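Working notes, structure below.
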Amino acid sequence: MSQTINGVRWTIQDVEALPDNEWVRYEIIDGELFVTRSPHHKHQQVTGRIFAVLDHWSLESGLGEASIMPGLIFSDSDNVAPDVVWISYERLAQVQDEVGHFRGAPELVVEVLSPGKANEDRDRLAKLKLYSTQGVKEYWIVDRIAQRVEIYRRDQAQLRLVATLLMGDVIRSPLLPNFACEVARLFVSRASR
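The numbers in our numbering rise by one with no breaks, and the one at position 90 of the sequence shown is 72.
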């Protein structure tokens, strides 16, 4: 449920002038405004599960922290709020501003796809390019409908697809020593048992 408003180069100041609405999320990628309605509760459930496993691992390891929908302000015309990020404490000290936004890339960004071609294109194309140019080390695209996770990792200054994980697979990451999460754990529900 995304709407793009073409023909205008948007900035952070333009977005700050828009009315506050808890059901709408505004993001800017290369000066293009994306307006997204509040996602389906299943989207939020998967997002919460991803946060929970990353948060648990972070508390156990002491290496960093997970965050849900943090503001990533890369420039005046690149301002997004991914579903989940993980950032090391070292990196956090370098990029967090006084109001809690990140003014640089976290190591890991996770986007849970919302249905619709415009939403998928935003996450698979525009955000992949943005995260790649900004220095994100790893990017997970989580498809709750297809129940799969695509893992992109930095290779020669670009994020490249290295794995597509399905329900029987386990997510592991060189960024997160000893982290392991069964893909099925993200999607299982009482109704599917």
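Where a beta carbon is used, it is the ideal one built from N, C-alpha and C, also for glycine.
Remember, it's a predicted structure, so these values are computed and weren't measured experimentally.
Residue i - partner residues in DSSP beta bridges
{"i": "Asn101", "result": "Its beta-bridge partners do not exist; DSSP assigns none."}
{"i": "Glu132", "result": "Ile123 and Thr146"}
{"i": "Val118", "result": "Bridge partners of Val118: none, in fact."}
{"i": "Ile153", "result": "Cys163"}
For residue j and residue i, the rounded distance between their alpha carbons
{"i": "Gln78", "j": "Leu90", "result": "15 Å"}
{"i": "Asp105", "j": "Gln116", "result": "15 Å"}
{"i": "Pro156", "j": "Lys119", "result": "10 Å"}
{"i": "Tyr124", "j": "Gln(-5)", "result": "The identity of residue 124 in the sequence shown is Val, whereas the question assumes Tyr. Their Cα atoms are separated by approximately 31 Å."}
{"i": "Leu110", "j": "Leu141", "result": "7 Å"}
{"i": "Glu9", "j": "Tyr121", "result": "18 Å"}
{"i": "Arg7", "j": "Asp137", "result": "31 Å"}
{"i": "Leu107", "j": "Phe84", "result": "22 Å"}
{"i": "Leu168", "j": "Ala128", "result": "12 Å"}
Reference residue i; option with closest CA among the options
{"i": "Ser114", "options": "Gly86, Asp2, Val124 and Asp58", "result": "Gly86"}
{"i": "Asp37", "options": "Thr18, Gln27, Gly53 and Val67", "result": "Val67"}
{"i": "Leu148", "options": "Leu158, Leu141, Arg130 and Cys163", "result": "Arg130"}
{"i": "Ala139", "options": "Trp122, Leu112 and Leu158", "result": "Leu112"}
{"i": "Pro159", "options": "Trp(-8), Val152, His25 and Ser43", "result": "Ser43"}
{"i": "Ser57", "options": "Asp2, Val152, Phe33 and Asp12", "result": "Asp12"}
{"i": "Ile69", "options": "Ala145, Ser40 and Ser59", "result": "Ser40"}
Per-residue DSSP class, three states only, for residue i
{"i": "Gln140", "result": "strand"}
{"i": "Ala162", "result": "strand"}
{"i": "Arg85", "result": "coil"}
{"i": "Glu(-2)", "result": "helix"}
{"i": "Val(-10)", "result": "coil"}
{"i": "Glu93", "result": "strand"}
{"i": "Ser174", "result": "Any answer about Ser174 is weak, because its pLDDT of 46 lies below 50 and its placement is not dependable; what the coordinates show is given next. It is helical."}
{"i": "Glu42", "result": "helix"}
{"i": "Asp37", "result": "helix"}
Kindly provide the ranges of any beta strand (DSSP E) runs that are 3 or more residues long and lie completely inside the region 44 to 77, ordered along the chain.
The DSSP assignment places complete beta strand (DSSP E) segments of no fewer than 3 residues inside the region 44 to 77 at 46 to 50, 54 to 57, 60 to 62 and 66 to 70, in order along the chain.
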